[in-house]
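Chemist: This structure is in C-alpha cells; I'll ask about it shortly.
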Amino acid sequence: MGKNILLGITGGIAAYKTAAAASALTKLGHNVLTVMTESACEFITPMTLQSLTGNPVEVEMFSPPERFEVKHISLADRADVTLVAPATGNFIGKLAGGIADDLLSTIIMATRSKVLIAPAMNVNMYQDASLQENLAILEERGYQIIEPESGYLACGYEGSGRMPEAETLVKRVQEHLAVKDLSRFKILITAGPTREPLDPVRFFSNYSSGRMGYALAERAAVRGAEVTLISGPTALDPPPGVRLIGVEQAREMKEIVMEELAGKDAIIMAAAVADYRPADYQEEKIKKQEQELNQVALKENPDILSAVRENKTEEQVLVGFAAESGRILERGRDKFRSKAPDMLVVNDISRSDRGFAAETNAGYILTGDKELELSLRSKIKFAEAVLDEIKELAFQAGG
Ligand code: C5P
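See the structure below:
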C-alpha cells in the first residue's frame, strides 16, 4: 500500500539525486508530496518534481490554496514519513534553532512523522563545529540523519559531505515504512565463507559472497528484529542496525555462535562453512619446491549446525542452508533428515543466476510439514520469504 512521503528539497547541487529518488518512490506506489525552498529552485525546477511524482509541488508559503486548508498543517499531518534531501547547513541550523520562516521549515516543525535528513555540503562546512552540534541536536530530538558519503564533491574538494545516491535514500525511506512484524525477535545469522589457513599467507575458502546472509540480516532488521550477524570475510557493508561480529575460521565461528546462542528466537546458518581445514598449520610460509606438492592433509571442521541443534531449546528455531546441484529437492530432503534443523533452505548452486555469488536465488524451504518452492527472485525477496516461514514456525513453537 502506498504511503504519503513528504519530500523537502533545499538548495544544493545534490537535488538532482533527489529527483531520481522521487521518481523511484513514486514507481513503488507511494504518494510523493514535494516542498521546495526558494533556493532549491535554483538547482532543479518544481516542474521536474511535478512531472516525476504526478503531484503539485509547493514552494510558496502564502500562495492561495486550491481549497481552504492551512497548507503547512495539512501537509504535515498527511506525511507518513518526511525526507529532507539535500539538507543544507543553513536549513539544518534553522531546524536545530527552531526557526520556521518558510513553508518547509514550518511543515517540519508541525509534523509528527519521522523526519529523515540527508545533509549535503562542502567537507569543511560539514566538519564545522556548529553544523555538527546542530546535527547532534536533531538526532537527540529523534530526527534520523542519513550520513553523507566521502568522495568527490561538486565544489572540487574530496571528503565527506556527498549525499548518498537515490537508491540509498529510497531504502532508508522504505525502512521507515516497513511493517515491524519481527520487533520482538532476536535473530542470530551466520554468513559468508570461512577461511582455513595453511600458512601465514595462504588459506582454503570458497566462493560464498555472504549476500544471502546479509540480505536476511537486512530484512530482519528492517522488520524490527534484533540481529546479530556472525560473518566470515566478505566485501559487503553490514546492514544498518545490525550487530556484526567478524570471524575467519570455522572453529572461531562455532565459538562465537555458541556464546551468542542464549536468548535468540531463531538461528539462521547461511554461512558456507568449510568442511575441512589444513591439518597442520605451517608457521613459516611454505617455499616453492622443485617437485609437486601433494601432501596437504585435511582435518574435519566441527559442524556448527549440529552443535547448535544439540544445545538449543525447543522454542528456538534452527534454520540450515543446503547448497546442492542436480536433484536438489531429493538431496535437500535427505539433508533435512540427516541434519535435522527445524527448517532447511535448499539452493541450486549449479546455475550462475542462483546460489553462492549470484544476486538472485531460487530453491525450496523444507520444514517438518511443508515443502515450499521459491521461484527465482532477488536475494532480498528470497530473504523475506524465509523470514515469513521462520515467523510462522516460531509462532507455532512459542504457542
Ligand atoms: O552439510 P552441509 O555443509 O551441506 O550443510 C549446510 C548447513 O550446515 C549450512 O546451514 C551451514 O551453515 C551448516 N554448516 C555448519 N558447520 C559446518 C558445515 C556446515 O554449521 N561445518
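Residue numbers (numbering that gives the first Met the number 0): 0 to 398.
The beta carbon of each residue, even a glycine, is placed where N, CA and C say it ideally should be.
Note that the structure is a prediction, hence the values are computed from the model and not measured.
1. Exposed or buried, residue 312, counting other C-beta atoms within 10 Å across all chains shown (16 or more means buried)?
2. Pick helix, strand or coil for residue 212, following the three-state DSSP scheme.
3. Kindly indicate the opening and closing residues of the beta strand (DSSP E) around residue 316.
4. What would DSSP say about residue 245, mapped onto helix, strand or coil?
5. Please name the residue in 187, 276, 346, 218 whose C-alpha comes closest to that of residue 304.
6. Which word fits residue 360, buried or exposed, when buried means at least 16 other C-beta atoms lie within 10 angstroms of its C-beta?
7. Can you give me the C-alpha to C-alpha distance between residue 194 and residue 370, rounded to a whole angstrom?
8. Mind checking whether residue 320 and residue 257 have CB atoms under 9 Å apart?
9. In whole angstroms, what is the alpha-carbon distance linking residue 8 and residue 1?
10. Once the 5 residues before and after residue 91 are set aside, which same chain residues still bring their CB inside 8 Å of it?
11. May I ask you to list the residues that DSSP assigns as paired with residue 143?
12. Could you tell me if the beta carbon of residue 319 falls within a distance shorter than 8 Å of some heavy atom in the ligand C5P?
13. How would you call residue 212, buried or exposed, if buried means at least 16 neighbouring beta carbons within 10 angstroms?
14. If residue 103 and residue 36 are in contact, beta carbons under 8 Å, what's the gap, nearest whole angstrom?
15. Of the choices 298, 317, 122, 29, whose alpha-carbon is the least far from that of residue 172?
16. List in chain order: all unbroken beta strand (DSSP E) runs of 3+ residues lying wholly within the region 149–183.
17. Using the rule of at least 16 other Cβ atoms within 10 Å of the residue's Cβ for burial, across every protein chain shown, is residue 385 buried or exposed?
18. Starting from residue 45, trace the alpha helix (DSSP H) in both directions and tell me its first and last residue.
19. Quick one: Cα of residue 18 to Cα of residue 47, how far?
20. Tell me the residue span of the alpha helix (DSSP H) that contains residue 282.
21. Does the ligand C5P have a heavy atom nearer than 8 Å to the CB of residue 361?
22. Whole angstroms are fine: how far does the CA of residue 315 sit from the CA of residue 183?
23. Helix, strand or coil: which one does DSSP assign to residue 349?
24. With a threshold of 6 Å on Cβ separation, who are the neighbours of residue 382 within its own chain once the five nearest residues in sequence on each side are excluded?
25. Use the C-beta contact count for residue 231: other C-beta atoms within 10 angstroms, 16 or more gives buried, fewer gives exposed.
26. Take the Cβ of residue 390 as the centre, count every other Cβ of all protein chains shown within 10 Å, and call the residue buried at 16 or more, exposed below.
27. Taking the straight line between their C-alpha atoms, what separation do you get for residue 112 and residue 143?
28. Starting from the Cα of residue 190, find the closest Cα among 160, 248, 197, 209 and give me that residue.
29. State buried or exposed for residue 336, treating a residue as buried only when at least 16 other CB atoms are found within 10 Å of its CB.
30. Beta strand (DSSP E) containing residue 228: first to last residue?
Modeler: Walking through what the data contain:
1. Working through the sequence shown from its first residue, we reach residue 312 at position 313. Flag for residue 312 reads exposed.
2. In the sequence shown, counting from the first residue as 1, residue 212 sits at position 213. The answer is helix: DSSP assigns residue 212 an H, G or I state.
3. Sequence index remark: in the sequence shown, residue 316 carries index 317 (1-based). Segment 316–323, the beta strand (DSSP E) holding residue 316.
4. Your numbering for residue 245 matches position 246 in the sequence shown. Reduced to three states, the DSSP call for residue 245 is strand.
5. Working through the sequence shown from its first residue, we reach residue 304 at position 305. Among 187, 276, 346, 218, the Cα nearest to that of residue 304 belongs to 187.
6. Walking along the sequence shown from the start, residue 360 turns up at place 361. With 16 or more other Cβ atoms within 10 Å, it is buried.
7. Counting from one through the sequence shown, the residue named residue 194 turns up at place 195. Counting from one through the sequence shown, the residue named residue 370 turns up at place 371. Computed Cα separation, rounded: 33 Å.
8. Locating residue 320 in the sequence shown gives position 321, counting from the first residue. Locating residue 257 in the sequence shown gives position 258, counting from the first residue. Taking 9 Å as the Cβ cut-off, residue 320 and residue 257 do not qualify as a contacting pair.
9. Stepping through the sequence shown from its first residue, residue 8 is reached at position 9. Stepping through the sequence shown from its first residue, residue 1 is reached at position 2. Taking the straight line from one Cα to the other gives about 21 Å.
10. Along the sequence shown, read from residue 1 onward, the residue named residue 91 stands at position 92. Answer for residue 91: 116, 118, 130, 133, 134, 137, listed in chain order.
11. Position 144 of the sequence shown, counted from the start, is the residue given in the question as residue 143. For residue 143, which the question treats as bridged, DSSP gives the partners 115.
12. Within the sequence shown, numbered from 1, the residue matching residue 319 stands at position 320. Yes, the beta carbon of residue 319 sits closer than 8 Å to at least one heavy atom of the ligand C5P.
13. For the purposes of this step, residue 212 is taken as the residue at position 213 of the sequence shown. Residue 212 is buried by the Cβ-count criterion.
14. In the sequence shown, counting from the first residue as 1, residue 103 sits at position 104. In the sequence shown, counting from the first residue as 1, residue 36 sits at position 37. Their Cβ separation, rounded to whole angstroms, is 6 Å, which keeps residue 103 and residue 36 in contact under 8 Å.
15. Position 173 of the sequence shown, counted from the start, is the residue given in the question as residue 172. It is 29.
16. With a minimum length of 3 residues, the continuous beta strand (DSSP E) runs that stay inside the region 149–183 are 157–161.
17. Translated into positions along the sequence shown, residue 385 becomes position 386. Under this definition residue 385 is a buried residue.
18. The residue given as residue 45 occupies position 46 in the sequence shown. 45–52 is the span of the alpha helix (DSSP H), which, as asked, contains residue 45.
19. For the purposes of this step, residue 18 is taken as the residue at position 19 of the sequence shown. For the purposes of this step, residue 47 is taken as the residue at position 48 of the sequence shown. One C-alpha to the other measures close to 7 Å.
20. Here residue 282 refers to the residue found at position 283 of the sequence shown. It is not in any alpha helix (DSSP H) - residue 282 carries neither H nor E in the DSSP assignment.
21. Here residue 361 refers to the residue found at position 362 when the sequence shown is read from its first residue. Answer for residue 361: no, Cβ out of range of the ligand C5P.
22. Residue 183 sits at position 184 when you count from the first residue of the sequence shown. Residue 315 sits at position 316 when you count from the first residue of the sequence shown. For residue 183 and residue 315, the distance between alpha carbons rounds to 13 Å.
23. Taking the sequence shown and counting its residues from 1, the one referred to as residue 349 is at position 350. Residue 349: coil per DSSP, three-state reduction.
24. Locating residue 382 in the sequence shown gives position 383, counting from the first residue. Correct list, in chain order: 214, 215, 218.
25. The residue labelled residue 231 in the question sits at position 232 within the sequence shown. Burial call: buried.
26. Looking up residue 390 in the sequence shown gives position 391. By the 10 Å Cβ count, residue 390 comes out buried.
27. Here residue 112 corresponds to residue number 113 of the sequence shown, with the count starting at 1. Here residue 143 corresponds to residue number 144 of the sequence shown, with the count starting at 1. The alpha-carbon atoms of residue 112 and residue 143 are separated by roughly 11 Å.
28. In the sequence shown, the residue the question calls residue 190 occupies position 191. Ranking the options by Cα distance to residue 190, first place goes to 209.
29. Position 337 of the sequence shown, counted from the first residue, corresponds to residue 336. The residue in question, residue 336, is exposed, as its Cβ has fewer than 16 Cβ neighbours within 10 Å.
30. Taking the first residue of the sequence shown as 1, we reach residue 228 at position 229. Residue 228 -> beta strand (DSSP E) spans 225–230.
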